[in-house]
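Just so you know, we're using our numbering here: the sequence shown kicks off at 48 and counts up by one. Note that the Cβ used here is the ideal one computed from N, Cα and C, for glycine as well. The structure presented is a predicted model; accordingly, all values stated were derived computationally and were not measured. To start, the structure under review is shown below, and the notes come after it.
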Amino acid sequence: MFETLLLNFLFLLFPVLIVVIFFENRANRYNQKLLVLMSAVTMVLCMAKPIKLEMGYIYDLRYIPFILVALFGGYKNVLLLYVLLNMTRFYVGGPGTIPSFLFSTAVLLLVPFLSKWFIKLSARRRISWATILAMITMGVYLIVLGMMKGTLDDQFWTLTVYALTTHAVVMSIIMILIEQIITNIKNRDRVLQSERLNVVSELAASVSHEMRNPLTVTSGFLQLLNKSKTITPEEKRYVEFSLLELNRAEKIISDYLSFAKPQSDNMVFSNMKAEAEYTMNIIKPFATTHKVEVHFSFSNTLNKSYDKNQIQQGLINLYKNGIEAMKDKGGGILTIHFSEKKQDIVITIRDTGIGMTKEEISRLGKPYYSTKEEGTGLGMLMAYSAIDKVKGNIEVESEKGKGTTFRITIPT
């Protein structure tokens, strides 16, 4: 029995090991399909090699990969496993074929329904709930089996203990491994994003510094020329226009440098209410022009030290992107909410725009990537940079045609 149990456990480890070895460091749009296919193979292997108890009962771990795919992938991804499960069960035959079909159908209808709720949970709660759902699934299966059998003897209760314990332990171990893989991927992406932002900041500082030198020299010569008595009034006016444009260029470079490094003159320690109201008032005329309603609320008492100019510009860029996403739909609602959760400041920015695909979300914040045809991606890069400098995190949820939600978490 223990040899078969270990073999089943090895089957279940197969997709996890394949992901760790081949796919953890390679983002690919086919990864999800491959995982579903490997889970299907695992399920069939578990059914082909069931665990046999000494008293004659047999059971297998088919519902562990089934539940995992249902919880993480929803109805669309678990359908293949449902079809294979029942095809294999009908091929094996026996008196339990019809009850197995009805039970798997019930699991198909109920478990994937929890997918969206499950994914939003923390890692620990996902492990707990996946284990509980595996035990509930097996428990209901055993109840149905007991009702069919009629009499519940000691052998049946031994089967119940073995089956529930096995499902709980195996599901817990597999979920811990899955959550560790997810954590590793998130940490790697966070490190890569941080390094990317640092490189861009250093490049900005270097280029801006080098550009200041010729601007200063040019400005000096123009000032001397402006004092000359030999130039005509019209030429003097041209010189004055040139000086104004040089001053504007200097200001742009100074603003760009501020994103490379927080400025001590701009550092504040507050709950962000002033920045929230300021940016909301700044963006309102732009929103009105595009027929967008702005719903604003503030309920944060936590304080944080930050560069107010960076935070303001980062928020304005996010608001502006949300409004522009609703432009093609003829308007919409931009919801801005500042709140607190434990020791974190939480900023939620939600629009009812065109939305984004998962691939588009994964590329947000990368240099020169934009979902807009005329966009450069630098506005979103600055927003990510501003949040990164206060050790914050940005989570994005989006659905094509329905809108996008940016959830910013800033630890205090």
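message: Pop quiz: residue 343 and residue 370 are said to be a contact at Cβ under 8 Å. What is the actual Cβ separation, rounded to whole angstroms?
response: With 8 Å as the limit, residue 343 and residue 370 do not qualify as a contact, their Cβ atoms being about 13 Å apart.
Comparing C-alpha positions only, which one of 405, 291, 378, 174 sits nearest to residue 225?
174
Closest Cα partner of residue 331 within the set 314, 286, 382: 382
Pairwise C-alpha distance: residue 211 and residue 182 | 6 Å
Checklist entry - Any contact of the segment 129-144 with the segment 81-95, i.e. 3+ C-beta pairs under 8 Å? => result yes
- Task: Just list the alpha helix (DSSP H) runs in the segment 308-336, keeping only unbroken ones of 4 residues or longer that don't cross its boundaries, in chain order.
- Result: 320-336
Exposure of residue 160, with buried meaning 16 or more beta-carbon neighbours within 10 Å | exposed
- From 434, 121, 215, pick the residue whose C-alpha is nearest to that of residue 162; which is it? 121
What's the C-alpha gap between residue 350 and residue 318? 4 Å
Contact check, residue 451 vs residue 402 under 8 Å by CB: the rounded distance? 6 Å
- prompt: Given residue 154, which residues of its chain have a CB within under 8 Å of its CB, disregarding the five upstream and five downstream residues?
  reply: 110, 113, 114, 117, 184
Margin query: Here's the rule I'm using: 16 or more other beta-carbon atoms within 10 Å means buried, otherwise exposed. How should residue 327 be labelled?
Written below: buried
Review point. Taking the Cβ atom as the reference point for each residue, do residue 166 and residue 119 lie within a distance shorter than 8 Å?
Key: yes
* Using a Cβ-Cβ cut-off of 7 Å (strictly less than) and excluding sequence neighbours within five positions of residue 345, which residues of its own chain qualify? -> 320, 323, 385
My guess is that residue 356 and residue 313 are in contact by the Cβ rule of under 8 Å, so how many angstroms apart are they, rounded? 5 Å
* Which residue or residues does DSSP assign as beta-bridge partners of residue 446? -> 450
**Prompt:** With C-beta atoms as the reference, is residue 404 less than 8 Å away from residue 447?
**Reply:** yes
So which of 458, 242, 291, 434 has the shortest CA-CA distance to residue 44? What the structure shows of the chain is the stretch from 48 to 459, and residue 44 is not part of that stretch, so it cannot be assessed.
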